[in-house]
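**Q**
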Amino acid sequence: MLVSITSTTPDAGDLGFLLHKHPNRVRSVDVAGGRAHVFYPEATPERTTATLLVEVDPVRLSRPVGSKKSKSGPAPANLEPYVNDRPYVASSMLCVAIGRLFGTALAGRCDTRPDLVDTPLDLELAVPVVAARGGVDAVKRLFGPLGWSVEAEVLPLDPAFESWGDSRYVSLVLKGAQTVKDALAHLFVLLPVLDDAKHYWVGESEVDKLLRRGGAWLPKHPDREFIARRYLRFASLSRDALARLAEGDADIDGQDDRHNAGEEEIERPISLNQQRLTAVTEAVLAAGGGRVVDLGCGEGRLLERLIAEPQVMELMGVDVSLWSLDKAERRLRLENMSERRREKIRLVQGALTYTDARIRGADVATIVEVIEHLDAERLDVFARVVFGDAAPSTVIVTTPNREYNVNFEGLEPGRLRHGDHRFEWTRAEFAAWVESVNQEFGYTAEFFGIGPEHPETGPPTQMSIFRRGVAYEPSNPGAGS
Amino acid sequence: MSPRRTRTRGRGQEGPIQVPELGLVVLCGASGSGKSTFAHQHFLATEVVSSDQCRALVSDDQTDQSVTQPAFELLHDIVDKRLQVGRMTVVDATNTKPEDRRALIELARRWDVLATAIVFDLPVQVCLERNELRTDRQTPEHAIRRQHQTLRRTSSSLRKEKFSRVYTIGSVETLDAAVLERTKSWNDRSEDCGPFDIIGDIHGCHDEMIGLLAELGYTTDVGPGDAMSHPEGRRALFLGDLVDRGPGSDKVLADVMTMVEAGTGLCILGNHEQKLARYLAGRKVKTTHGLAETVEQLDSRTPEFREQVATFIDSLVSHYILDEGRLVVAHAGLPERYQGRASGRVRSIALYGDTDGETDEFGLPIRYPWAEEYRGTATVVYGHTPVPSAEWINNTICLDTGSVFGGELTALRWPERELVAVPAARQYYEPIRPLEPEPEAVNRPPLLLDVGDVLGKHHVETSLGGRLTIDAERSSAALEVISRFATDPRWLVHLPPTMAPVATSSRPDYLEHPDQAFEYYRDEGVTDLVCQEKHMGSRAVLIFARDADAAMARFGITNEAAGVIVTRTGRPFFADEAITKSLLDRVRDAVTATGLWDTLSTNWMVLDAELLPWSAKAKQLLQTQYAATGAAATAMLKAASEVLTKAASRGSETAGLEDPESPGLEDQDQLTELLARTASRQQHVAGYIDAYRQYCWDTDGVTGIEIAPFQILAAEGETLARRPHAWHLEMIDALVDADPQLFRRTGRRVVDLNDEATVADAISWWVEATNAGGEGMVVKPAEAIVSGEKGLVLPGVKCRGREYLRIIYGPEYLEPANLERLRSRFLGRKSSLARREFVLGIEALDRFVAHEHLYRTHECVFGVLALESVPVDPRL
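Just so you know, the protein sequences line up as chains A and B, in that order. This note's numbering numbers the first residue of the first sequence as 1 and each following residue consecutively. This note's numbering numbers the first residue of the second sequence as 482 and each following residue consecutively.
1) With a cut-off of 9 Å, does the C-beta of residue 221 of chain A fall near any C-beta of chain B?
2) With three or more beta-carbon pairs closer than 8 Å as the criterion, would you say the stretch 1218-1227 of chain B touches the stretch 1062-1070 of chain B?
3) Could you give the DSSP three-state label for residue 1180 of chain B: helix, strand or coil?
4) Determine which residues share a DSSP beta bridge with residue 1015 of chain B and list them.
5) Round the Cβ separation of residue 683 of chain B and residue 718 of chain B to the nearest angstrom and send it over; I've been treating them as touching at under 8 Å.
6) Using DSSP with H/G/I as helix, E/B as strand and the rest coil, what is residue 645 of chain B?
7) How would you label residue 484 of chain A, buried or exposed, when you count the other beta carbons within 10 angstroms and need 16 or more for buried?
8) Where residue 1357 of chain B and residue 121 of chain A are concerned, what is the direct C-alpha to C-alpha distance, given to the nearest angstrom?
9) At a Cβ cut of 8 Å, what residues of the stretch 1277-1289 of chain B count as close to chain A, listed as they run along the chain?
10) For a cutoff of 9 Å on Cβ pairs, would you count residue 1002 of chain B as touching chain A?
11) Of the residues B:999, B:1066 and B:997, which one's Cα is nearest the Cα of residue 1026 of chain B?
12) Looking only at C-alpha atoms, which of B:1268, B:943, B:948 and B:746 sits nearest to residue 1004 of chain B?
13) Suppose the cutoff is 7 Å on Cβ atoms and the five residues either side in sequence are ignored; what does the same chain contact list for residue 533 of chain B look like?
14) With a threshold of 9 Å between beta-carbons, can residue 1170 of chain B be considered close to chain A, or not?
15) Pull out every residue of the stretch 1099-1111 of chain B whose Cβ sits closer than 7 Å to any Cβ of chain A, in chain order.
16) Quick check on residue 461 of chain A: buried or exposed, where buried means 16 or more other Cβ atoms within 10 Å of its Cβ?
17) Residue range of the alpha helix (DSSP H) that residue 337 of chain A falls in?
18) When the distance is taken between beta carbons, is residue 863 of chain B closer than 9 Å to residue 813 of chain B?
19) For residue 1033 of chain B, return the contacting residues in chain A, with the cut-off set at a CB-CB distance below 8 Å.
20) On the CB-based measure, 16 or more other CB atoms within 10 Å of its CB, does residue 1039 of chain B come out buried or exposed?
21) How would you list, in chain order, the residues of chain B whose beta-carbon sits under 7 Å from the beta-carbon of residue 37 of chain A?
22) DSSP beta-bridge partners for residue 863 of chain B?
23) For the stretch 1250-1259 of chain B against the stretch 16-28 of chain A, are there 3 or more C-beta pairs whose distance is under 8 Å?
24) Determine, for residue 164 of chain A, whether the minimum Cβ-Cβ distance to residues of chain B falls below 9 Å.
25) Looking at C-alpha atoms only, which residue of A:2, A:18 and A:3 is the closest neighbour of residue 9 of chain A?
26) Per the contact definition of three or more C-beta pairs closer than 8 Å, is the stretch 743-751 of chain B in contact with the stretch 797-805 of chain B?
27) I want to see whether chain B comes within less than 9 Å of residue 53 of chain A, judged by CB atoms only; does it?
28) What are the residues that DSSP puts in a beta bridge with residue 443 of chain A?
29) Determine whether the Cβ of residue 444 of chain A lies closer than 9 Å to any Cβ atom of chain D.
30) Can you check whether the CB of residue 175 of chain A is closer than 9 Å to the CB of residue 108 of chain A?
31) Determine, for residue 349 of chain A, whether the minimum Cβ-Cβ distance to residues of chain B falls below 9 Å.
32) The beta strand (DSSP E) that contains residue 1279 of chain B, what's its start and end?
33) Applying a beta-carbon distance threshold of less than 7 Å, which residues of chain A neighbour residue 1311 of chain B?
34) Between residue 611 of chain B and residue 630 of chain B, what straight-line distance do the alpha-carbon atoms span, to the nearest angstrom?
35) Give me the chain A residues within the contact set of residue 1127 of chain B, using Cβ-Cβ distance strictly less than 7 Å, ordered along the chain.
36) Pick helix, strand or coil for residue 624 of chain B, following the three-state DSSP scheme.
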């Protein structure tokens, strides 16, 4: 990784004083992950350039964090630690080197020429490879407001495969009248923000330190919240066994729970999730019976509602994702729950395509925004498992109404609400499936809408309440119905 | 004498005390009455659970009365567990109060075992004297007197408490002389190993019975009163329901009774016999369901005959365990948990099945589908519910093929497991419920898997690797992947195992070299090897049938493509099913063209292959990781080279002078060194980019996609993966010839380790191919599956090329300083995984080939995936 600082303000050689590095010397030090060098490709009174080059040791870099002995450390899930851009791009590692070699300048100290510290110079910052999530726009958005003129050029992924398009790397040149102190601070904070990737050895204590570098200018930056959010979003380094099966596509590795941000973002304007939880909770209470299972409980939002209901004597949350169950456990604060309440609830791993003795005999089963995550051809097995084998007295199923999607701003036409949705049904399609279940397993169902009913497209969420054997007695459990 | 009758031994009665081998024995008596001594004399120490011992376990003091409650909870827990696993259990506590005994009786009932009470009713003086003599502890006199009185007062009610037998020891002499005898359960005939011909529900079809016995090779032409027999000593085993509905119930009874009497036949009780017995005993019984016919036929017989029938039925047991526990027969079948147990419930389930009172639209009881859940090791053979044809469900089979309703009378030869059937001459009785099932359900394997089959720690028995353990943590990860991303388990009859690399080379420029592959097999004593070109694409398993009907019949599922192409973790290879279909259609055409369907007499097969290009599956990975790294490295190193050159040239302008305005000599050297190193890194990066580019080309639909098969894993009737590699390569070469555009040939070298020339040839082949960008090769034993002294020899080791490894170990791995550090690799875990996954993969195929239940195949496939989630260095 590489960064060059050029001054064209006479006398340009002053840059050496500010950086505390003699223009005629090569200064080399060990830094975390490799060796950093400072040297001057140019050193004339008109133009002086100092370059910081970090030679990253890729082998050292690939050792698992927190363990010098790779044998005992957790093995990474894929080859990403061994084949990656970290040795080459300007990232938090470069910032560590800046802190190490230009620390005094960064702190705004220059004992020999204190007058220079607060003097803006005509500076050029050249960073040949910046990992920039958001591309040129993001670079301009971050550096522009700080008074830099930004020249940024996107690098192609591979000239041999034009169809692959551009990389997320930008070759960056910043020009402007700035103090060296500020220029370095800008890089120090904004390079990792642009990078937005995993940080390999920046500990939590350093997060605070890094944030302090932006104290002077960050509060005035129009994108300060974005910068702070990105900066603090330090990806977890721990990976679970699951990620090893991810085959490189992002579905598990980058897994969020299936009721995750994307879908919620789309549905947020009508706060659909809250309405859905309310409607389902009311339906559970109206159904009667104390033993409730929430199949595909995710991170436990419905469980949170149901556990508070005295009518619910026994509650079980089932999900296939241990990650989600873990979140549910935290959301419900199971650890601190009173013993009596704690005994009411169980969280277990299970899959809706396997019969499961633990869910048999429930009074009510809730299956909220789950079926659309199953492949359509597995629905027959799902129905046998739930309606045939577990056979609760009441089953409450909700799923998106695809017809309503046209009403969502921010959802491209034809797209589904979530990347993991295998299908979304129209009202007629849902009704047909419900009818087939009724026929095969002897249930009777009623339909309800959840959320604001649109005259043509209907409600955003559709809900069916199945009762085993008997005809359903309507008792108005649905919220917007 | 009926086995279920209970008997009470009175005071001073002679003869041994009989306790069932599997049962609960409750010792009752005051302290000092000699219970513990008796238990010690007659039972194993581990068979005896005593209250004193439990007190000690929870409180370190066997006399501590304050822990009575937890001590007894522990005692009950131990009894519960022992009875669950089927162990004789003796409770040594005073048990003088009925409520104490009731808890124990409930445990015996819960686990369907008989409870025997042995009452130590010795004179109170004897107890007190013995108590005096005790050194370990003494019980207060008043307590002993009270216990004694309580027992006296309540012992008469012991029989009402549902003990099957009660023995009372009334004197010191009886106690000293007591002999204990362990009796086998009535249903335990495990030492009887047959061979048997197990015959389903006859229901008075006498002609068919004779026909079937003749078909089975019995001498049926015998005089009146003589028993039919088999010349080879085989015995007929009748599953009950000999009578009712049919025209010859009396004759069937007569013949079967004679055979059982003569020892050429065995019979268990059916519900129809039980009802007949009640009728014969004069009880009020409705003569429905065909009993009227039997009654009429018996009326024409002598009263003596009817008496014999009653006695015969009374002697029948409701289920048998036979052939060292391998075979269980019960009229209506029997779940594992009840096998070998004795209780009214077991008897009822054996006779009627597990019903909860619900009836179907024909008014017949709905039975719990126990067979679909059956996971027991014993084969269960039963009748009771007429089925269109006898079919195996999870190691169970129903032989009632509705002879009396015009179906067939069916027998199962044991241990041969062959079915023999004779058709009924006509329909003798109108069935209440139609015998024909829904057409769709025919031949369709049960599709439900239970989460208990896969979740949690479990073991898989394998033919190649014995018993393998899958940890709970691994199962959890696999469950999520299987249920969220994998293709339907009905298709998924195999997943490919991982493969270990060769041991690390010590050659200066190599991390991997063929030397170590040959060394490994030489150490294992395997000298005939085949080296196969390793194609750089993505692993793909092709599972397909000849057409949709064949897929439905064999896999119980089908789709447009009549098959699937899955990745190494069981996911659909292509999101677009049309591509899968086009590819499989072409594969099928090639299979047809080569005549392989007929050669293998199959209409489905499983191919193990590499699918190319790499970019077809890994495009995202290539773009976000490989190409990105190349792009960043190229740009950064180019810039570094430029600034370093500039910096170095500053000095050269004034070279040799100690110019204060230019870098000193030392600094110059440093710059030169940096520049050289940067140039070297640039070269490595260029090599890395070349390496990945070779494995990428654009595809459009199926155009550009190539398949390199290396094994035909399985087809109907055989796990072909067990055949030598030469056979596979020959078959696959024929496929390649049939469609050279689709299939890619796998280059190979045959190596005999005793012939140095073949070794040298293989090495130079590898060097040449890998220098030209090839991924490398896999070295395999020619015989495919070889077991050595240390167990299964690895079925293959991979040896990857020097250039290829750049995309594994990073662009700059060949820098000497880097390479030296990378040599320390730990291969043990990878090899162990490779071996276990291989064993499971083969086991999955074996089970599928043998038409075992879906869950049996699935647990192996699931195991492979679970092991794939074990953390291991991904570079290996």
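The beta carbon of each residue, even a glycine, is placed where N, CA and C say it ideally should be.
**A** Put simply:
1) No - not a single Cβ of chain B is within 9 Å of the one on residue 221 of chain A.
2) yes
3) Three-state result, residue 1180 of chain B: coil.
4) According to DSSP, residue 1015 of chain B shares a beta bridge with B:1257.
5) About 12 Å; that fails the 8 Å criterion.
6) coil
7) This structure gives no information on residue 484 of chain A, because the portion of chain A shown stretches from 1 to 481.
8) 53 Å
9) 1288 and 1289
10) no
11) Answer by Cα proximity: B:1066.
12) B:1268
13) 543
14) Yes, contact with chain A.
15) Hits within the stretch, in order: 1099, 1101, 1102, 1104, 1106, 1107, 1108, 1109, 1110 and 1111.
16) Buried: at least 16 other Cβ atoms inside 10 Å.
17) Run containing residue 337 of chain A: none; DSSP gives neither H nor E here.
18) yes
19) The CB of residue 1033 of chain B never comes closer than 8 Å to any CB in chain A; the least such distance is about 13 Å.
20) buried
21) Those are 1155, listed as they occur along chain B.
22) Answer by DSSP bridge pairing, in chain order: B:879.
23) no
24) yes
25) Closest option to residue 9 of chain A, Cα to Cα, is A:18.
26) yes
27) yes
28) A:468
29) Absent from the structure: chain D. Protein chains present are A and B.
30) No, these two residues do not count as a Cβ contact at 9 Å.
31) yes
32) 1278-1281
33) Within chain A, no residue comes near residue 1311 of chain B; the closest Cβ sits about 10 Å away, beyond 7 Å.
34) Their Cα atoms are separated by approximately 17 Å.
35) 41 and 42
36) helix
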